[in-house]
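Let me begin by presenting the structure, written as structure tokens, before commenting on it.
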Amino acid sequence: MSMDTAPRTHRFIAADFLTSSYRVVGKMLVSNTGAMGLMNDTTTSYMEVHDAKLARLHMPTKLVDHFEMVRLVKRQVFVVCMARREDIGPVTLARGGYSKIVEYPVRMTTQVYELQGTLEWPGRFDFSAVMSEGTRDFIPLYNTLLTAVLIPSLRIESEAVLFNRTQVDLLGLLNQRLPVSK
620 MSMDTAPRTH RFIAADFLTS SYRVVGKMLV SNTGAMGLMN DTTTSYMEVH
670 DAKLARLHMP TKLVDHFEMV RLVKRQVFVV CMARREDIGP VTLARGGYSK
720 IVEYPVRMTT QVYELQGTLE WPGRFDFSAV MSEGTRDFIP LYNTLLTAVL
770 IPSLRIESEA VLFNRTQVDL LGLLNQRLPV SK
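Count along the sequence shown starting at 1, add 619, and that's the number in this note's numbering.
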């Protein structure tokens, strides 16, 4: 089989990449492991975003610049938002190899963003395991609403996101929420 007829092993996924100061809208080139494989690849500390449109967070609809390609330092990315759950990657990879999972509605914050969505985790919820076990820093969250802490007009609803666990300040289970007293 020649190189010209080899099956295509990579594809582009449209996504929003949120850093502490910018929203980058573009496409990432992923293999069969999807966005999860690319973001958690420990052999590279950066990633490439193709057809990248940049906007400052405080003016998220105003285009600042447009590049054929930009490179992002992965550890500086807070959240990657995708339109389709399938873009995360294979189900077994997204679930860490477990077949039986429990859905946990959560609210989490970083220094810049608040996220509310569904975390899928095998068995009983264990905060220390979510935050420190394994080598994957980017963890999937589903049916997510993201808002910027200081810019509430910046709202992104996404079927699937990958959040950077090294950027998380707090995480609360919504079933443990108490009514706010006034």
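We treat Cβ as the ideally placed atom computed from N, Cα and C, and that holds for glycine.
Owing to the predicted nature of the structure, the values given are computational and were not obtained by experimental measurement.
Close beta carbons around residue i, own chain, < 7 Å, minus the five adjacent residues each side
i      : result
Ser640 : Arg675 and Leu676
Leu738 : Tyr723, Val725 and Leu760
Asp756 : Asn659, Asn783, Arg784 and Thr785
Val649 : His629, Arg630, Ile632, Gly656 and Leu657
Leu773 : Leu676, Pro679, Thr766 and Ala767
Ser621 : In this predicted model, Ser621 has a pLDDT of only 47, less than 50, meaning its place in the structure is not dependable enough to derive any value.
Rounded straight-line distance, which links the Cα of residue j to that of residue i
i      : j      : result
Leu637 : Glu776 : 13 Å
Asn794 : Arg694 : 30 Å
Thr652 : Pro709 : 6 Å
Ala634 : Val699 : 7 Å
His685 : Leu797 : 44 Å
Gly791 : Ser747 : 13 Å
Ser800 : Leu789 : 21 Å
Asp706 : Ala779 : 8 Å
Lys672 : Met647 : 13 Å
Val692 : Gly742 : 33 Å
Met750 : Asp670 : 32 Å
Phe697 : Ala654 : 14 Å
Thr662 : Gly645 : 22 Å
Trp740 : Val721 : 5 Å
Arg704 : Pro771 : 25 Å
Met701 : Glu733 : 17 Å
Leu781 : Asn762 : 11 Å
Residue i versus the options, residue with shortest Cα-Cα distance
i      : options                           : result
Gln730 : Lys672, Leu657 and Thr785         : Thr785
Glu687 : Cys700, Val643, Val696 and Phe697 : Val643
One or two residues paired with residue i in a DSSP bridge
i      : result
Gly791 : Arg726
Ser777 : Thr763
Glu667 : Arg690
Leu738 : Tyr723
Cβ neighbours of residue i in the same chain (closer than 6 Å, five flanking residues each side left out)
i      : result
Arg690 : Tyr665 and Glu667
Phe744 : Tyr723
Gln735 : Arg726 and Leu764
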